[in-house]
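So the structure is just underneath, and the comments pick up after that.
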Amino acid sequence: MTLTKRIIPCLDVTLDEAGGTVVKGIEFVDLRKAGDPVELAKRYNEQGADELVFLDITASHEGRGTMVDVIERTANEVFIPLTVGGGINTIDDVRQILRAGADKVSVNTAAVKNPQLIKEASDIFGSQCIVTAIDCRRNLDVENNTDKRILELEDGTPAWYEVVIYGGREPTGIDAVQWGKKVEELGAGEILLTSMARDGTYDGFDVPITRKLSEELEIPIIASGGVGNPEHAYQGFTDAKADAALAASIFHFGEYTVRDVKEYLKEKDIPVRL
């Protein structure tokens, strides 16, 4: 049986005087407002999105918890799986987010700081609930990093991919491929992979790292960062071998609907749910 490929709009949310606003940046900076998270979630639910990802992108950096009230309001309006990430540091945080109506939680910074959180959470709630988000950036210093997994970029340049945390603010020295293997062993049910080099650029997914993780891991890989048109989603499934394609800007700013992307993929013989 061929599994259908998923199209997942992403709501990057920051806390403000309105309680929570969806924003979109380029390479994690230069954020611009895109609208109300609950209204956008309803729109994508109606357009036929397979799932939604809600990321409180400043919670870890600001040292606060996730916006539970916004999650509750969003969960009340959508009838598709909802993944929530940002500021989730403990088992109690996971429990609170699932109780608020999320179907899955996404852990990133907290997982790097405390990998056992993934194992504990998957043991308690089931691996299908636990998504590990991996934010990474290209590192061209291969001479001093011979222990890392060196990949060839599109132009043949050798590079490794370094995990970054706190919304891309802090490099960790951790290799993204090795980290992906570790979180799979710890019990993560899927990986949300974002390459900073492509975030918000409309240049398409970062194929080398996405394909590498897709080939080496058994769990699903959600490709994130760089979708500018339906063709990029197609490349994410064919060239990069991802299981799901996440996008934000093209949906938030009305350039394409979820259905537009799915109809394009269907014409290209990619199995999607329409």
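In our numbering, the protein residues as written are 42 to 315. C-beta atoms are modelled at their ideal positions from N, C-alpha and C, and glycine is treated no differently. The structure presented is a predicted model; accordingly, all values stated were derived computationally and were not measured.
Exposed or buried, residue i, counting other C-beta atoms within 10 Å across all chains shown (16 or more means buried)?
i: Q169; result: exposed
i: G197; result: exposed
i: K46; result: buried
i: T99; result: buried
i: V77; result: Sequence inspection shows Asp at residue 77; the Val mentioned does not correspond to that position. The residue is buried, with at least 16 neighbouring Cβ atoms inside 10 Å.
i: N130; result: buried
i: P271; result: buried
i: F292; result: buried
i: E92; result: buried
i: L192; result: buried
i: T62; result: buried
i: F246; result: buried
i: R314; result: exposed
i: R84; result: buried
Anyone know if the C-beta pair for residue i and residue j falls short of 8 Å?
i: I16; j: A82; result: Outside the displayed span of the chain (42 to 315) sits residue 16, for which this structure offers no information.
i: V146; j: I138; result: yes
i: C51; j: V109; result: no
i: D232; j: G241; result: The identity of residue 232 in the sequence shown is Ile, whereas the question assumes Asp. In this structure, G241 does not lie closer than 8 Å to I232 by Cβ.
i: D171; j: A229; result: The sequence as given places Ile at residue 171; Asp does not occur at that position. In contact: I171 and A229 (Cβ atoms closer than 8 Å).
i: A116; j: A141; result: yes
i: A281; j: S255; result: yes
i: T150; j: I112; result: no
i: R178; j: E211; result: no
i: N86; j: I132; result: no
i: D97; j: G128; result: yes
i: A143; j: L123; result: yes
i: D244; j: G209; result: no
i: L234; j: I263; result: yes
i: T213; j: V153; result: yes
i: L181; j: A200; result: yes
i: E118; j: V54; result: no
Pull the bridge partners of residue i from the DSSP assignment, please.
i: A288; result: P50
i: A90; result: None, per the DSSP bridge assignment.
i: P312; result: Beta-bridge pairing links P312 to no other residue.
i: F18; result: Nothing about residue 18 can be reported from this structure: the residues present for the chain run from 42 to 315 only.
i: Y202; result: R179
i: K145; result: T124
i: T173; result: V148 and I232
i: E193; result: P199
Would you call the region 268-277 and the region 305-315 touching, i.e. three or more CB-CB distances under 8 Å? A contact exists between the region 268-277 and the region 305-315.
Are the region 239-254 and the region 211-220 touching by the rule of at least three beta carbon pairs closer than 8 Å? yes
In chain order, which continuous runs of the beta strand (DSSP E) of length 3 or greater are located wholly inside the region 205-283? 211-216, 231-236 and 262-265
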